[in-house]
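**Q** Read in order, the letters of the sequence shown correspond to residues -23 to -1, 1 to 269 in mature numbering (1 follows the signal peptide of the UniProt record, and there is no 0).
Glycine included, every Cβ here is placed at the ideal spot set by N, Cα and C.
Remember, it's a predicted structure, so these values are computed and weren't measured experimentally.
Following this message is one structure expressed as structure tokens.
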Amino acid sequence: MRKTFIKFSVVCFALLISNSITAQDFQGKAHYMSKTTIDMANFGRPGMDEDMKKRIAARLKNALEKTYILTFNKSESVYKEEEKLDAPGSGGSGFGRMMMGNFVDGNQYKNIKDQSFLQEREVFGKKFLIRDSIPSFEWRMTGETKQIGQYMCFKATGTKVKYGLDVNFRRPRPDQEGEEAEKKEEQLEEVTDELDVVVWYTPQIPVSQGPSDYWGLPGLILEVNEGRTTILCSKIVMNTNDKDVIKVPSKGKEVSRAEFDEISKKKMEEMRENFRRGGGRPGGGRPGGGGR
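So, in structure tokens, the structure goes:
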């Protein structure tokens, strides 16, 4: 039997959800675990032994595995990372550690009623407030179902344009040698990839919300699979007596998503150049020197 894929407008569903839930008191919290895997076969310097790769991957664990809380009502949501203590020796080393320590993500706010997106970000101690529209998704329903916890979930697929920057830790090709190979090891790339995305949502919680910037389905999104990253809901609490105020982010210099990406790109290039000049030491300069 041939599957029928149904395309629909996220705006129509947003209106449907808004009309079907009349009480602003409808509120919940969803806890998510985000996990990103590394392509270990192409990771690290040529000739790096497997034990070294595993040790580096272990240090990067805090950056690759995070927990978040999504607080939501019928039209708004805030997605924030749960605070946790870093384990000794975590966070990687070298350029990767510098990058993670100087680029900090803040709370992410979505309003599906007015289509607005806000997020606080920090770059080298300077605060920015990204203000933009929420991304548009054209979801396709597959008819597949599965159980996540106590919730019956339905599968939907779509695509997402991944804007921003990435640091490429892939091993260079064998024909790349010397300085050229070194440059390729930790290469700064501007990412505009279009990712295939698979999500699972539950109509049992009839809000058009989801983790990160995902939304636009007739139910809360409980699982997201995008590339090497999986976001999975582990706990949901609905309509507690103590309601949380969903605070709209307001701190920092206001910029668009594109403007922030350009600022980040320049800062990362500066940081990488300083790192290379310092022979692999954060901040560059001579050993023991304070720099300018």
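1. Excluding five sequence neighbours on each side, which residues of the same chain lie with their C-beta closer than 6 Å to the C-beta of Thr13?
2. At what residues does the beta strand (DSSP E) containing Pro10 begin and finish?
3. Have a look at Phe237, His8 and Asp173 and flag the residue whose alpha-carbon is nearest the alpha-carbon of Phe105.
4. So, for Leu197: in the same chain, excluding its five sequence neighbours on each side, which residues have a beta-carbon less than 7 Å away from its beta-carbon?
5. Give me the residue from Gly83, Glu115, Asp16 and Asp219 with the minimum Cα distance to Gln4.
6. Drop a sphere of 10 angstroms on the beta-carbon of Phe114, count the other beta-carbons inside from all chains shown, and report buried for 16 or more, exposed for fewer.
7. Under 8 Å, do Tyr9 and Pro226 count as touching if we go by C-beta distance?
8. Buried or exposed for Val214, going by 16 or more other Cβ atoms inside 10 Å?
9. Could you tell me the distance, in whole angstroms, from the CA atom of Ile57 to the CA atom of Lys224?
10. What is the DSSP secondary structure of Asp26, reduced to helix, strand or coil?
11. Kindly list the residues whose CB is nearer than 6 Å to the CB of Val138, restricted to its own chain and excluding five residues on each side of it in sequence; keep chain order.
12. Grab the span of the alpha helix (DSSP H) containing Asn39 for me, first residue to last.
**A** Quick answer:
1. Stepping through the sequence shown from its first residue, residue 13 is reached at position 36. Once the five neighbours on either side are set aside, the close Cβ partners of Thr13 are Leu41, Arg205 and Thr206.
2. Locating residue 10 in the sequence shown gives position 33, counting from the first residue. The residue you asked about is not Pro; residue 10 is Met in the sequence shown. Segment Gly5 to Thr13, the beta strand (DSSP E) holding Met10.
3. For this step, residue 105 is matched to residue 128 along the sequence shown. Ranking the options by Cα distance to Phe105, first place goes to Phe237.
4. On the sequence shown, position 220 is the one that residue 197 refers to. Only Ala7, Tyr178, Thr179, Ile182, Val184, Gln186 and Gly187 meet the Cβ criterion.
5. Sequence index remark: in the sequence shown, residue 4 carries index 27 (1-based). Comparing Cα positions, the closest option is Asp219.
6. Taking the sequence shown and counting its residues from 1, the one referred to as residue 114 is at position 137. Buried, by the Cβ-count rule.
7. On the sequence shown, residue 9 is found 32 positions in, with the first residue counted as 1. On the sequence shown, residue 226 is found 249 positions in, with the first residue counted as 1. Contact: no.
8. The residue given as residue 214 occupies position 237 in the sequence shown. Counting C-beta atoms within 10 angstroms of its own C-beta, Val214 has fewer than 16 neighbours from the protein chains shown and is therefore classed as exposed.
9. Taking the sequence shown and counting its residues from 1, one reaches residue 57 at position 80. Taking the sequence shown and counting its residues from 1, one reaches residue 224 at position 247. Per the sequence presented here, residue 57 reads as Lys, with Ile not at that position. Their backbone Cα atoms lie some 11 Å apart in a straight line.
10. As a first step, residue 26 is located in the sequence shown; it is residue number 49 there, counting from the start. Coil at Asp26, not helix or strand.
11. Against the sequence shown, residue 138 aligns to sequence position 161. Excluding sequence neighbours, Val138 sits near Glu171.
12. Position 62 of the sequence shown holds residue 39. Counted as a single uninterrupted DSSP element, the alpha helix (DSSP H) harbouring Asn39 occupies residues Lys38 to Leu41.
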